[in-house]
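Following full-length UniProt numbering, the numbering of the sequence shown begins with 1 at its first residue and continues without gaps. All remarks here apply to the structure that follows.
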Amino acid sequence: MPELPEVELVRRSLEKEVEGAAIEAVAFSDFVKKGHATSRKTIVKQELDAFSRNVEGATISKVGRRGKYLYFIMEKTGGIFHMISHLGMSGAFFVTDSIDGITDSNYRKHWQVAFRLQDGRTLSYCDIRRFGEMLTIGRMADFPPFSRMAVEYTHPDSLPDFIDRVRAPANRKKAIKAVIMDSTVIPGVGNIYASEALFASGILPTRKAGNVSVKRLMALHKAIAEVFDLSIESGGSTISDYRGVSGEKGSMQDRFHIYQKKSCSSCGGPVKTKTIATRNTFYCTKCQR
Ligand SMILES: [Zn+2]
Numbered sequence: 001m002p003e004l005p006e007v008e009l010v011r012r013s014l015e016k017e018v019e020g021a022a023i024e025a026v027a028f029s030d031f032v033k034k035g036h037a038t039s040r041k042t043i044v045k046q047e048l049d050a051f052s053r054n055v056e057g058a059t060i061s062k063v064g065r066r067g068k069y070l071y072f073i074m075e076k077t078g079g080i081f082h083m084i085s086h087l088g089m090s091g092a093f094f095v096t097d098s099i100d101g102i103t104d105s106n107y108r109k110h111w112q113v114a115f116r117l118q119d120g121r122t123l124s125y126c127d128i129r130r131f132g133e134m135l136t137i138g139r140m141a142d143f144p145p146f147s148r149m150a151v152e153y154t155h156p157d158s159l160p161d162f163i164d165r166v167r168a169p170a171n172r173k174k175a176i177k178a179v180i181m182d183s184t185v186i187p188g189v190g191n192i193y194a195s196e197a198l199f200a201s202g203i204l205p206t207r208k209a210g211n212v213s214v215k216r217l218m219a220l221h222k223a224i225a226e227v228f229d230l231s232i233e234s235g236g237s238t239i240s241d242y243r244g245v246s247g248e249k250g251s252m253q254d255r256f257h258i259y260q261k262k263s264c265s266s267c268g269g270p271v272k273t274k275t276i277a278t279r280n281t282f283y284c285t286k287c288q289r
């Protein structure tokens with residue numbers, strides 16, 4: 001599943017490729033159309049007619065990111081609106097001359113939403129497992145996940161905010177790993193980077209959040225920021241299905257210290273695994289306490 005660094009890399013590519021481009025028409029795959037016919041709202045979380053009406057004729061004026069969501073600021077005569085996109089487990093965007101131009105056949109077969117741009121190119125959203133989401137909204141605050149989300153890790157208020165929210169009464173008895181994966185505490189931390197950041201800061205993922213000192217929370221926040229920055233620099237991690245806009249793979253997976261490792265990169269001891277917050281967690285009981 002793409003986490004914050006992978007989504008940020010997609011944003012950066014899209015920014016270069018489609019900012020300023022106008023959408024002429026939108027097409028939906030048979031999967032999406034069938035899902036909507038049986039009221040499952042596959043990928044597009046609003047009526048397809050309404051979605052098309054909104055995006056057709058709109059210009060993409062900016063591509064932004066909040067947590068693991070992308071947002072497109074769209075301009076149209078009569079004002080601006082936003083298109084929100086979540087990549088789910090395996091979503092990817094491609095910008096090519098046509099859908100047939102997507103080189104990875106697995107993604108090409110699973111295109112779901114295709115935007116024909118006025119300049120002749122096609123912006124395709126492909127999703128093999130179809131857990132992704134796309135919808136249009138008026139204001140950003142109209143989208144509940146955004147109104148509850150903590151500030152981005154790069155924001156100056158992120159550290160004090162993070163400490164306050166981790167130590168909130170509702171979180172005190174929860175495992176620290178589950179707490180840092182909550183976007184109302186800090187956005188964008190998924191299973192991989194939670195394991196890596198807890199390892200880097202020497203904190204046991206099973207420890208109750210209320211039992212982690214402020215000093216250690218500061219180290220944890222720093223570790224999250226560092227692992228995000230390093231991953232962005234390394235082109236993200238290509239575990240499961242993440243691909244960049246041109247189909248490229250990242251190399252962050254070669255820099256993991258604990259995630260999916262058999263032995264600890266620091267002491268050489270065996271890496272323990274345990275399910276926390278429904279996901280497999282990797283840690284070392286010698287180096288983390
Ligand atoms: Zn160790």
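In this text, a Cβ means the ideal position worked out from N, Cα and C, and glycines have one as well.
(request) Give the straight-line distance between the Cα atoms of P92 and E19, rounded to the nearest whole angstrom. (result) The sequence shown places Ala at residue 92, rather than the Pro named in the question. Taking the straight line joining both Cα atoms gives about 17 Å.
(message) Extract the residue ranges of the beta strand (DSSP E) inside the stretch 15-40, only unbroken runs of 3 or more that lie entirely within it.
(response) 23-28
(message) Given this structure, state the Cα-to-Cα distance separating Y193 from L14, to the nearest angstrom.
(response) 23 Å
(message) By DSSP's criteria, V44 is part of a beta bridge. Which residues make up the other side?
(response) M134
(request) Quick one: grab the DSSP three-state call for S263. (result) strand
(request) Determine the burial state of N54: buried for a count of at least 16 other Cβ atoms within 10 Å of its Cβ, exposed for fewer. (result) buried
(message) If I follow the unbroken beta strand (DSSP E) through M114, where does it start and stop?
(response) Reading the sequence as shown, one finds Ala at residue 114 and not Met. Start and end: W111 to L117.
(message) Tell me the residue span of the alpha helix (DSSP H) that contains R65.
(response) No alpha helix (DSSP H) contains R65, which is instead part of the beta strand (DSSP E) from T59 to R66.
(message) Pairs of beta-carbons, one from the stretch 194-210 and one from the stretch 255-266, closer than 8 Å: are there three or more?
(response) yes
(request) Go through its chain and collect everything with a Cβ distance to P72's Cβ below 6 Å, but skip five positions before and after it. (result) With the sequence shown as reference, residue 72 is identified as Phe, and Pro is not the correct amino acid for it. So the list reads I60, V63 and M83, once near-sequence residues are dropped.
(message) Whole angstroms are fine: how far does the CA of I203 sit from the CA of V166?
(response) 14 Å
(message) Quick check: the Cα distance between N171 and P187, rounded to an integer number of angstroms?
(response) 16 Å
(message) Measuring straight from C-alpha to C-alpha, what distance separates Q118 and A21?
(response) 7 Å
(request) Please go through the same chain and pick out, in chain order, the residues whose beta-carbon is closer than 7 Å to the beta-carbon of H86, but skip the five residues on each side of it. (result) K68, Y69, G132 and E133
(message) Let me check one thing: in DSSP terms, what residues is N280 bridge-paired to?
(response) T275
(message) Need the endpoints of the alpha helix (DSSP H) that residue 326 sits in, please.
(response) Nothing can be reported for residue 326: it is not among the residues displayed for the chain, which extend from 1 to 289.
(message) Spatial neighbours of S251 within its chain, please: C-beta separation below 7 Å, excluding the five flanking residues on both sides.
(response) S234 and G235
(message) If you measure between the beta carbons of G269 and K249, is that distance less than 8 Å?
(response) no
(request) Using the DSSP secondary-structure output, state which residues sit across from residue 346 in a beta bridge. (result) With the chain covering only 1 through 289, there is no way to say anything about residue 346.
(request) Let me know the secondary structure DSSP gives F94 once reduced to three states. (result) strand
(request) Just mark T103 as buried or exposed, buried being the case when its beta carbon has 16 or more other beta carbons within 10 Å. (result) exposed
(message) Assuming A175 and K208 are in contact, meaning their beta carbons sit under 8 Å apart, how far apart are those beta carbons, in whole angstroms?
(response) 7 Å
(request) Would you check whether ligand 1 has a heavy atom nearer than 7 Å to the C-beta of K272? (result) no
(request) Ignore the nearest five residues each way along the sequence and tell me which others in D161's own chain have a CB closer than 7 Å to its CB. (result) A150 and V151
(message) Assuming contact is defined by CB atoms lying nearer than 8 Å, are C126 and F94 in contact in what I supplied?
(response) yes
(request) In the DSSP assignment, find the unbroken alpha helix (DSSP H) run with S147 in it and report its ends. (result) P144 to R148
(request) Report yes if the C-beta of K173 is less than 7 Å from at least one heavy atom of ligand 1; otherwise report no. (result) no
(request) Look up L9 in the DSSP assignment and say whether it is helix, strand or coil. (result) helix
(request) Please list, in chain order, all residues of the same chain as K173 whose beta carbon is under 8 Å from its beta carbon, the five residues on each side excluded. (result) K208, A209 and G210
(message) I need the boundaries of the alpha helix (DSSP H) containing Y193, first residue and last residue.
(response) N191 to A200
(message) If you measure between the beta carbons of A219 and S201, is that distance less than 8 Å?
(response) yes
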